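**Q** Residue numbers (the numbering used here), protein chains in the order written: chain A, 37 to 122; chain B, 22 to 603. There's a structure below that I have some questions on.
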Amino acid sequence: MADNTSAAQYWKANIRLVIGCLIVWFVVSYGCGILFAESLNSIRLGGYKLGFWFAQQGSIYTFVFLIFFYAIRMNQLDRKFNVEEK
Amino acid sequence: MSLQLMTYLVVGATFAVYIAIAIKARATSTGEFYVAGKGVHPILNGMATGADWMSAASFISMAGLIAFNGYDASVYLMGWTGGYCLLAMLLAPYLRKHGKFTVPAFIGDRYYSNTARLVAVVCLITASLTYVIGQMKGIGVAFSRFLEMPYEYGLFIGMAIVFVYAVLGGMKGITYTQIAQYCVLIFAYTVPAIFISLQLTGNPVPQLGLGSTMTDGTYLLDKLDIILVDLGFAAYTAQKGSTLDMALLTLSLMIGTAGLPHVIARFFTVPKVKDARFSAGWALVFIALLYTTAPAVGAMARLNLMNTIQTDEVGSPEGNLSYEERPTWFMNWEKTGLLQFEDKNNDGKIQYYGPGEEFAAKAASYGWQGNEMVKVDRDIMVLANPEIAGLPNWVIALVAAGGIAAALSTAAGLLLAIASAISHDLLKSVFAPNMDDKTELMASRFSMAGAIVVAGYLGLNPPGFAAQVVALAFGLAASSLFPVLMMGIFSKRMNRAGAICGMLAGLGSTLLYIFIYKGWFFFQATAMLPDNPANWLFGISPGSFGAVGALFNFAVAFIVAWSTAPPPKHIQQMVENLRIPN
């Protein structure tokens, strides 16, 4: 196992990454999909009104992207702090 | 070939596959029974999680909800997918690192207390059992409609199938069967959607078809808005409910998803921590395939339904479909009582319109005496959809098999979660700690069989509250299990007293709020306040209260934990270890 200071740094980097991802998660679903959906609806994406699109399509695509982004970044962190599983 | 024969063949073939897989993947140790020997590839595990997660509610009900609630139903789409972000970032990798078989086992270890473990067992069983009743009912309904046999027989056949592959195979058998079930259900869901999208918009991708133009050049969603508003309904893409309630319901469903024990247990089955993170991503990919298709299915089904009934201009003498000329699917669903027509003005034609006040005057001037489609059950939309669009029989048979696959796979996952809580967390840890592996395996098979019988019995005598039950299952998982799991990882200071009080506060407040409006233990006569927005506290519906319950859980846990002694050193060390993968 890594020593204490590097473990603490690893955890800090992890928390920062999680918070970043969750901000995007919140903005896309609660922001674009619910709170500001009505104002976004004046913009159109083909036949979709934008707020409606975020609520029924866009947020789901973003969630998928976020998880993979998080998983890939965590793998890099694991390697950087040398905490990869054998 | 007749539809019924075709359905027997397709459903029978899928059952044969499930049983064959179960026999090949029999569990021979408790490790295989509870967590499939921790050897499942992350992509396959993602697929199994998808089937585990997507129940009859996702497959059958959701698109129907979207069809009739339009934009407001987005809460289900976001709520039931967004939870995977929480799961992947806040729970799954750490729980996998801990390496135990069950959710209560983690809570018991982390909070160094068998009491905490028992409270978690109670939360788990209540949430899972309420959820499984709905699945059993779904199986019964699918059988009774498509195989034209009594509801009870359908239920018994479903129980027998689950019994064979879940009791024999345990998590190992369930995992590989769920992979097959995922393939069946996603194929069954997307094929009709592709056909219908092609018919209406010429675009074979339903996700794009929904945003495309129709043959007359107008956008499909615009056209739907116009038709609905013209007939006195609310516009499809407009918001109807309160924003606060929408946000809270979305949050409840998200936290509930992340806290449901049968979903969490799936992440115990992968070999590494890294795999747990990726597996959550793959699970969401497979779920998103269905969840991004559902809005297209809903909107297109609604459009087809409106166009079937409103054949010409609103108010014109030829505007409405004559009852005599109604299509076959209409007659079939009338027989089930889920679709009902009442000729209020005795003109032999079907008038289907909404409650808009402005339109009421117009309707009166046409000589209409009220909406004549007195019942259009939302749950029939997905099942009736291929018939409404006039698709071939094999597609309809496929949808039946898909609905049954969705219900069976979720029921199996839930039953396993219940069985492992009883055999591993209750028997092994509290009553018979010296039980050897073989006896425990036997005990888990017996508790699984017992759980199936109880679920079947409740499915035979459903208290008549399918929708509320699902809300309760999510509310329970959200308000009781998710907060203590999360704090167990992210707060070293959280201790035994805090966790136990938190779980009880979250669970208690949520149950209380639901029971006040829905009746004590769902006996409606005992409801203390009428269940409508005017009576709800701050306009929060009982289904959305799980998010508030979770908040109580966090708050109570923090207050109690900070006013009592911190957890012992070795527990704090354990949390440190959880946080790093190696």
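Note that beta-carbon positions come from the ideal geometry of N, C-alpha and C, so glycine has one too. Since this is a predicted model, take the numbers as computed values, not measurements.
Provide the residue(s) that pair with B:Thr-234 in DSSP beta bridges, ordered along the chain.
**A** B:Thr-234 is bridged to B:Tyr-240.
**Q** Which word fits B:Glu-334, buried or exposed, when buried means at least 16 other C-beta atoms lie within 10 angstroms of its C-beta?
**A** B:Glu-334 is exposed by the Cβ-count criterion.
**Q** Report yes or no: is there a C-beta of chain A within less than 8 Å of the C-beta of B:Ser-468?
**A** Not an interface residue.
**Q** Which ranges does the alpha helix (DSSP H) cover as unbroken runs of at least 4 residues, wholly within the segment 46-81 of chain A, from first to last along the chain?
**A** Fully enclosed alpha helix (DSSP H) runs of 4 or longer: 73-76.
**Q** Check the DSSP bridge columns for B:Leu-360 and list the partner residues they point to.
**A** Answer is B:Val-397.
**Q** Measure the C-alpha to C-alpha separation of B:Pro-551 and B:Tyr-538 and round it to an integer number of angstroms.
**A** Those two C-alpha atoms are separated by around 6 Å.
**Q** The alpha helix (DSSP H) spanning B:Arg-287 covers which residue range?
**A** From DSSP, the alpha helix (DSSP H) with B:Arg-287 extends over 282-287.
**Q** Pairing CB atoms from the segment 109-123 of chain B with CB atoms from the segment 24-43 of chain B, are three or more of them under 8 Å?
**A** They do not touch, by the three-pair rule.
**Q** To which residues of the same chain is B:Phe-254 closer than 6 Å at the C-beta, ignoring the five residues directly before and after it?
**A** Closer than 6 Å at the Cβ level, and outside the excluded window around B:Phe-254, lie Gly-375.
**Q** Can you pull the chain B residues whose beta carbon is under 9 Å from the beta carbon of A:Cys-36, in chain order?
**A** For chain A, the structure presents residues 37 to 122; residue 36 of chain A sits outside this window and is missing.
**Q** Comparing C-alpha positions only, which one of B:Tyr-174, B:Val-31, B:Met-22 and B:Tyr-55 sits nearest to B:Ile-439?
**A** Closest by alpha carbon: B:Tyr-55.
**Q** Kindly identify the DSSP beta-bridge partner or partners of A:Tyr-84.
**A** Its beta-bridge partners are A:Leu-81.
**Q** Beta carbon of A:Leu-102, beta carbon of A:Cys-57: below 8 Å?
**A** Against a cut-off of 8 Å, the Cβ pair of A:Cys-57 and A:Leu-102 comes out as a contact.
**Q** Let's test the definition: count the other Cβ atoms within 10 Å of the Cβ of B:Asn-325 and tell me whether it reaches 16, buried, or not, exposed.
**A** B:Asn-325 is buried by the Cβ-count criterion.
**Q** Please go through the segment 421-461 of chain B and give each complete beta strand (DSSP E) segment of 3 or more residues, from N-terminal end onward.
**A** Entirely contained in the segment 421-461 of chain B, not one beta strand (DSSP E) run reaches 3 residues.
**Q** Does any C-beta atom of chain A lie closer than 8 Å to the C-beta of B:Ser-233?
**A** Yes - at least one Cβ of chain A is within 8 Å of the one on B:Ser-233.
**Q** Could you check what DSSP says for B:Gln-331 in three-state terms: helix, strand or coil?
**A** DSSP places B:Gln-331 in strand when its eight states are reduced to three.
**Q** Can you give me the start and stop residues for the alpha helix (DSSP H) that B:Phe-503 sits inside?
**A** Residues 503-511.
**Q** Along chain B, which residues have their Cβ under 7 Å away from the Cβ of A:Gly-56?
**A** Result: empty, since nearest Cβ-Cβ is about 10 Å, beyond 7 Å.
**Q** Is the beta carbon of B:Arg-287 less than 8 Å from the beta carbon of B:Ala-69?
**A** Yes.
**Q** When you compare only the Cα positions, how much space is there between B:Gly-60 and B:Leu-24?
**A** Whole-angstrom Cα-Cα distance: 41 Å.
**Q** List the residues that DSSP assigns as beta-bridge partners of B:Asn-341.
**A** In the DSSP output, where bridge partners are listed per residue, B:Asn-341 has B:Gln-331.
**Q** Closest to B:Tyr-186 by C-alpha separation, out of B:Ala-576, B:Ile-42, B:Ala-520 and B:Ala-405, would be which residue?
**A** Of B:Ala-576, B:Ile-42, B:Ala-520 and B:Ala-405, the residue nearest in Cα terms is B:Ile-42.
**Q** Is B:Arg-117 near the ligand HEM, in the sense that its beta carbon is under 7 Å from a heavy atom of that ligand?
**A** With respect to the ligand HEM, the structure offers nothing, as it holds no ligand at all.
**Q** Can you find a C-beta in chain A that's less than 8 Å from the C-beta of B:Arg-600?
**A** With 8 Å as the cut-off, B:Arg-600 counts as an interface residue toward chain A.
**Q** Around the Cβ of B:Ala-546, are there at least 16 other Cβ atoms within 10 angstroms (buried) or fewer (exposed)?
**A** Label assigned to B:Ala-546: exposed.
**Q** State the DSSP-derived secondary structure class of A:Ala-38, mapped to helix, strand or coil.
**A** Residue placement at A:Ala-38 cannot be trusted, given a pLDDT of 46 that sits under 50; what the coordinates show is reported in the next sentence. A:Ala-38 falls in the coil class under three-state DSSP.
**Q** Consider the Cβ of A:Val-63: report whether some Cβ of chain B lies at a distance smaller than 8 Å.
**A** Cβ-Cβ to chain B under 8 Å: no for A:Val-63.
**Q** Kindly indicate which three-state DSSP category B:Lys-261 falls into: helix, strand or coil?
**A** Coil, per DSSP.
**Q** Of all the CB atoms in chain B, is at least one closer than 8 Å to the CB of A:Met-37?
**A** Because the pLDDT of A:Met-37 is 47, which lies under 50, any placement of that residue in the model is unreliable, and the question is left without a value.
**Q** Would you tell me roughly how many angstroms separate the C-alpha atoms of B:Ser-468 and B:Val-475, rounded to the nearest one?
**A** Their Cα atoms are separated by approximately 10 Å.
**Q** At the 8 Å Cβ level, is A:Ser-78 part of the contact set with chain B, yes or no?
**A** It does not; no Cβ of chain B falls within 8 Å.
**Q** Taking the CB atoms as reference points, tell me whether B:Tyr-152 and B:Leu-447 lie closer together than 8 Å.
**A** Not in contact: B:Tyr-152 and B:Leu-447 (Cβ atoms no closer than 8 Å).
**Q** Using the three-state DSSP reduction, which class does B:Lys-370 fall into: helix, strand or coil?
**A** Strand.
**Q** Classify A:Met-37 as buried or exposed, calling it buried when 16 or more other Cβ atoms lie within 10 Å of its own Cβ.
**A** Because A:Met-37 carries a pLDDT of 47, less than 50, the predicted location of this residue cannot be relied on, and no value is offered for it.
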